[in-house]
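Here's the structure, in structure tokens; my notes come after.
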Amino acid sequence: MRPAMRLPRTAPAVVAVGGVCLLLTLLFGLTPVLTALTAHAGLALVPSALGAPLALPPLRAVPLGGTGPVQLLCEDFAALVLVTVATLRMRRHVRVRPVAGWARRALAGWSALVVGGGVSGVWRGLVAARLVDAGVLGWVLYGVAGAVSGAAWATTLGWLPALATTVCARRNPVPFRLRTGRGRVRP
2 MRPAMRLPRT APAVVAVGGV CLLLTLLFGL TPVLTALTAH AGLALVPSAL GAPLALPPLR
62 AVPLGGTGPV QLLCEDFAAL VLVTVATLRM RRHVRVRPVA GWARRALAGW SALVVGGGVS
122 GVWRGLVAAR LVDAGVLGWV LYGVAGAVSG AAWATTLGWL PALATTVCAR RNPVPFRLRT
182 GRGRVRP
């Protein structure tokens, strides 16, 4: 008889960050939310008027307005990149620092969204550069503007994954001797 297959264990903080990032991309994909955002926070549109992507990448099933299916797929891919990068960043933090406290986990969740927002912003900036047929300098500038815009929006909304990781933090997850450094942490 073969032993049962064991699936890798995923830390609750990793699942929380991935879930919050997915929820944010779904939220920005809703037309009423986007309409309310643009109506009530008009200054948020200024960077997008200069070519930077607006907000975090939305996850949608149908194109918005006059955009086509290719741009829809590019935006959905950017949302996938955001969720994947943030989840992998948080997974690395949990693997490297298994005994981190709630404050360090919260900062790691915040930074995971910022890194994911920056990377997905680069992709969205490059897509915008392709759409306007920019030159080499335009590709660089659109990519940088996308990274800055994505990281800025993620910094603003980073308290959400930070809160989720704080809720998932366990008290004293390992014995005292491992927390004080007097023992070896086994993988």
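In terms of the numbering used here, the sequence shown opens at residue 2 and continues consecutively.
Just so it is clear, CB atoms sit at the ideal spot from N, CA and C, and this is done for glycine as well.
- Query: Does the count of Cβ pairs from the segment 69 to 85 and the segment 13 to 23 closer than 8 Å reach three?
  - Reply: yes
- Item | Element boundaries [alpha helix (DSSP H), containing Asp77] | Taking the sequence shown and counting its residues from 1, one reaches residue 77 at position 76. Asp77 -> alpha helix (DSSP H) spans 70 to 97.
- Message: For the structure I just gave you, are there three or more beta carbon pairs, one from the segment 117 to 130 and one from the segment 52 to 65, closer than 8 Å?
- Response: Taking 8 Å as the limit for Cβ pairs, the verdict is that the segment 52 to 65 does touch the segment 117 to 130.
- Query: So, are the CB atoms of Glu76 and Arg93 less than 8 Å apart?
  - Reply: If you number the sequence shown from 1, residue 76 lands on position 75. If you number the sequence shown from 1, residue 93 lands on position 92. Taking 8 Å as the Cβ cut-off, Glu76 and Arg93 do not qualify as a contacting pair.
- Task: Look up Val63 in the DSSP assignment and say whether it is helix, strand or coil.
- Result: Counting from one through the sequence shown, the residue named residue 63 turns up at place 62. Of the three classes helix, strand and coil, the one that applies to Val63 here is coil, per DSSP.
- Message: For Ala153, tell me which candidate among Thr32, Ala42, Pro48, Val15 has the shortest Cα-Cα distance.
- Response: Residue numbering aside, residue 153 sits at position 152 when the sequence shown is read from its first letter. When only C-alpha atoms are compared, the closest one is Pro48.
- Message: Three Cβ pairs or more, each shorter than 8 Å: is that satisfied between the segment 101 to 108 and the segment 134 to 142?
- Response: no
- With DSSP as the reference, label Ala40 as helix, strand or coil. Here residue 40 refers to the residue found at position 39 of the sequence shown. Three-state DSSP puts Ala40 in a helix.
- Assign Pro58 to one of three DSSP states: helix, strand, or coil. The residue given as residue 58 occupies position 57 in the sequence shown. In the structure shown, Pro58 adopts coil according to DSSP, grouped into three states.
- By the 10 Å Cβ neighbour count, where 16 or more other Cβ atoms means buried, how is Val63 classified, buried or exposed? Within the sequence shown, the letter at position 62 stands for residue 63. Per the 10 Å Cβ criterion, exposed.
- Task: Output the distance between the C-alpha atoms of Gly52 and Phe29, rounded to the nearest integer angstrom.
- Result: Along the sequence shown, one-based indexing puts residue 52 at 51. Along the sequence shown, one-based indexing puts residue 29 at 28. Going from the Cα of Gly52 to the Cα of Phe29 covers about 18 Å.
- Message: For Val123 and Gly147, what's the separation of their Cα atoms in angstroms?
- Response: Taking the first residue of the sequence shown as position 1, residue 123 is located at position 122. Taking the first residue of the sequence shown as position 1, residue 147 is located at position 146. Their backbone Cα atoms lie some 5 Å apart in a straight line.
- Query: What is the DSSP secondary structure of Thr156, reduced to helix, strand or coil?
  - Reply: Numbered from 1 along the sequence shown, position 155 holds the residue referred to as residue 156. The answer is helix: DSSP assigns Thr156 an H, G or I state.
- Query: Exposed or buried, which one is Pro176 when buried takes at least 16 other CB atoms within 10 Å?
  - Reply: In the sequence shown, counting from the first residue as 1, residue 176 sits at position 175. Model confidence at Pro176 stands at a pLDDT of 49, short of 50, so the residue's coordinates are unreliable; what they give is reported in the following sentence. Counting Cβ neighbours within 10 Å, Pro176 comes out exposed, since fewer than 16 surround it.
- What span of residues does the alpha helix (DSSP H) with Gly118 cover, start to end? For the purposes of this step, residue 118 is taken as residue 117 along the sequence shown, with counting starting at 1. Looking at the DSSP string, the run of the alpha helix (DSSP H) that includes Gly118 is 103 to 132.
- Inspect the beta-carbon positions of Thr32 and Leu65 and report whether they are closer than 8 Å. Taking the sequence shown and counting its residues from 1, the one referred to as residue 32 is at position 31. Taking the sequence shown and counting its residues from 1, the one referred to as residue 65 is at position 64. Cβ distance < 8 Å, so Thr32 and Leu65 count as in contact.
- Query: Can you list, in chain order, the residues of its chain whose CB lies under 6 Å from that of Gly69, leaving out five sequence neighbours each side?
  - Reply: Walking along the sequence shown from the start, residue 69 turns up at place 68. Cβ neighbours of Gly69 beyond the five flanking positions: none.
- Gly102 to Gly151 span [Cα, whole Å]: To locate residue 102, count along the sequence shown from 1; it is residue 101. To locate residue 151, count along the sequence shown from 1; it is residue 150. So the alpha carbons of these two residues sit roughly 28 Å apart.
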